[in-house]
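**Q** Residue numbers for the sequence shown follow full-length UniProt numbering, so the first one is 1 and each next one is one higher.
Where a beta carbon is used, it is the ideal one built from N, C-alpha and C, also for glycine.
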Amino acid sequence: VHQRHVYFAALWNRRFPEKNTGEGKFYVENRKTISRVFMRKTDYMRHRVCEGGDGGYGFDLVAIPYAGMDQNKELTRYMVYLVPRRADADLGRIWKDFFYGAAKGDPGKLLRSCHLKMIDLDVPKIEGLRSDIVLSEILRGTHGSGPEGAAGSRVSVCIDVNERGMDGSALEDSGCACCAHKVEKVRINRPYIAFVFDMRINRVLFVVKDTGY
Numbered sequence: 001v002h003q004r005h006v007y008f009a010a011l012w013n014r015r016f017p018e019k020n021t022g023e024g025k026f027y028v029e030n031r032k033t034i035s036r037v038f039m040r041k042t043d044y045m046r047h048r049v050c051e052g053g054d055g056g057y058g059f060d061l062v063a064i065p066y067a068g069m070d071q072n073k074e075l076t077r078y079m080v081y082l083v084p085r086r087a088d089a090d091l092g093r094i095w096k097d098f099f100y101g102a103a104k105g106d107p108g109k110l111l112r113s114c115h116l117k118m119i120d121l122d123v124p125k126i127e128g129l130r131s132d133i134v135l136s137e138i139l140r141g142t143h144g145s146g147p148e149g150a151a152g153s154r155v156s157v158c159i160d161v162n163e164r165g166m167d168g169s170a171l172e173d174s175g176c177a178c179c180a181h182k183v184e185k186v187r188i189n190r191p192y193i194a195f196v197f198d199m200r201i202n203r204v205l206f207v208v209k210d211t212g213y
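1. So, do the segment 55 to 68 and the segment 26 to 40 have three or more beta carbon pairs nearer to each other than 8 Å?
2. Could you spell out the range, first to last residue, of the beta strand (DSSP E) harbouring Pro124?
3. Can you give me the Cβ contacts of Ala89 inside the same chain, cut-off strictly under 6 Å, excluding the 5 residues immediately before and after it?
4. Which residues in the same chain as Lys185 place their Cβ atom closer than 6 Å to its Cβ, once the five residues preceding and following it in sequence are excluded?
5. Which two residues bound the contiguous alpha helix (DSSP H) that contains Leu110?
6. Below 8 Å CB to CB, which residues in the same chain sit around Lys109 once its five sequence neighbours on both sides are set aside?
7. Given that a residue counts as buried once 16 or more other Cβ atoms are within 10 Å of its Cβ, and exposed if not, what is Leu82?
8. Quick check on the DSSP output: the alpha helix (DSSP H) that includes Gly92 runs from which residue to which?
9. In terms of DSSP beta bridges, what is Gly24 paired with?
10. Pick out whichever of Ile126, Ser35, Arg86, Arg187 has its Cα sitting closest to the Cα of Lys41.
11. Below 8 Å on the Cβ atoms is my guess for Cys114 versus Ala63; work out the distance and round it to an integer in Å.
12. In terms of residue numbering, what span does the beta strand (DSSP E) encompassing Glu184 cover?
13. Since Met39 and Asn20 are thought to touch, with beta carbons under 8 Å apart, how far apart are those beta carbons, to the nearest angstrom?
14. Roughly how many angstroms lie between the CA atoms of Arg190 and Leu116, to the nearest whole one?
15. Beta carbon of Leu111, beta carbon of Met45: below 8 Å?
16. Taking the C-alpha atoms as reference points, what is the distance between Ala87 and Asn30?
17. Let me know the secondary structure DSSP gives Lys41 once reduced to three states.
18. I'd like to confirm the pairing. Which residues does DSSP put opposite Ile193 in its beta bridges?
19. Is the distance from the Cβ of Phe99 to the Cβ of Gly105 below 8 Å?
20. Indicate the three-state DSSP secondary structure (helix, strand or coil) for Phe59 in the structure shown.
If you want it as structure tokens, here you go:
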């Protein structure tokens, strides 16, 4: 088994206002809760409610864009959150329901089909989260989504997710002027999977699972 260390740095397209950051409850196993710091913003994001497969649980897909556009002025990288409808859902099953079910093997195609919606989002602020992932388990069958030689490789992912994104600074989101539009509430307050996806090369670059511990 090979050990790899992955580093990724990027800025949100529009940052989370620091004034909105505060503590809240995060649900873990057996309906227990822990206190965590959450960031909040209301903005247009790609969103879809996905049904689980046989015996699986449904989940919300929320894609937050990073700064940076291609020559067609389209955003190219997203942090994609897969948020189970139940706190006790098996995250491995959530990934399979996403990749093989909702995405049918093509995450990029699914993301492009997700409509932009006005989302009032609460997301955990992360400092030094470490997630050890065996690529052959979470990326099995994902064509072109992992590094070469991924089979059997263990990736140690260490990240910070804050109001700016990952490292650096960006313009603060001043809030949305389109408050007349329907706003959907999504609270990422239970164990979830998140990954960075690059639309230009149609690859998963970075995967993390957050169980609250």
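**A** From the atom records:
1. no
2. Against the sequence shown, residue 124 aligns to sequence position 124. Unbroken beta strand (DSSP E) run through Pro124: 116 to 124.
3. Mapped onto the sequence shown, residue 89 falls at position 89. Same-chain partners within the cutoff: Tyr57.
4. As a position in the sequence shown, residue 185 is number 185, starting the count at 1. Taking C-beta separations shorter than 6 Å and ignoring five residues to either side along the sequence, the partners of Lys185 in its chain run Asp120, following chain order.
5. Taking the sequence shown and counting its residues from 1, the one referred to as residue 110 is at position 110. Looking at the DSSP string, the run of the alpha helix (DSSP H) that includes Leu110 is 107 to 113.
6. In the sequence shown, counting from the first residue as 1, residue 109 sits at position 109. Ala103, listed in sequence order.
7. The residue labelled residue 82 in the question sits at position 82 within the sequence shown. Leu82 is buried by the Cβ-count criterion.
8. Walking along the sequence shown from the start, residue 92 turns up at place 92. 91 to 96 is the extent of the alpha helix (DSSP H) around Gly92.
9. To locate residue 24, count along the sequence shown from 1; it is residue 24. In the DSSP output, where bridge partners are listed per residue, Gly24 has Arg36.
10. Locating residue 41 in the sequence shown gives position 41, counting from the first residue. The residue with the shortest Cα to Cα distance from Lys41 is Arg187.
11. For this step, residue 114 is matched to residue 114 along the sequence shown. For this step, residue 63 is matched to residue 63 along the sequence shown. Confirmed, about 7 Å.
12. Walking along the sequence shown from the start, residue 184 turns up at place 184. Per DSSP, Glu184 belongs to the beta strand (DSSP E) from 183 to 187.
13. Indexing the sequence shown from 1 puts residue 39 at position 39. Indexing the sequence shown from 1 puts residue 20 at position 20. Contact holds; Cβ gap of about 7 Å.
14. As a first step, residue 190 must be located in the sequence shown, where it is residue number 190. As a first step, residue 116 must be located in the sequence shown, where it is residue number 116. Distance from the CA of Arg190 to the CA of Leu116, rounded to the nearest whole angstrom, comes to 23 Å.
15. By one-based count along the sequence shown, residue 111 stands at place 111. By one-based count along the sequence shown, residue 45 stands at place 45. Judged by beta-carbon spacing, Met45 lies beyond the 8 Å limit of Leu111, meaning their Cβ atoms are not closer than that value.
16. As a position in the sequence shown, residue 87 is number 87, starting the count at 1. As a position in the sequence shown, residue 30 is number 30, starting the count at 1. About 9 Å.
17. If you number the sequence shown from 1, residue 41 lands on position 41. Lys41: strand per DSSP, three-state reduction.
18. Looking up residue 193 in the sequence shown gives position 193. Answer by DSSP bridge pairing, in chain order: Leu82, Lys209.
19. Position 99 of the sequence shown holds residue 99. Position 105 of the sequence shown holds residue 105. A contact, by the Cβ cut-off of 8 Å.
20. Start at 1 with the first residue of the sequence shown, and residue 59 comes out as number 59. It is a strand residue.
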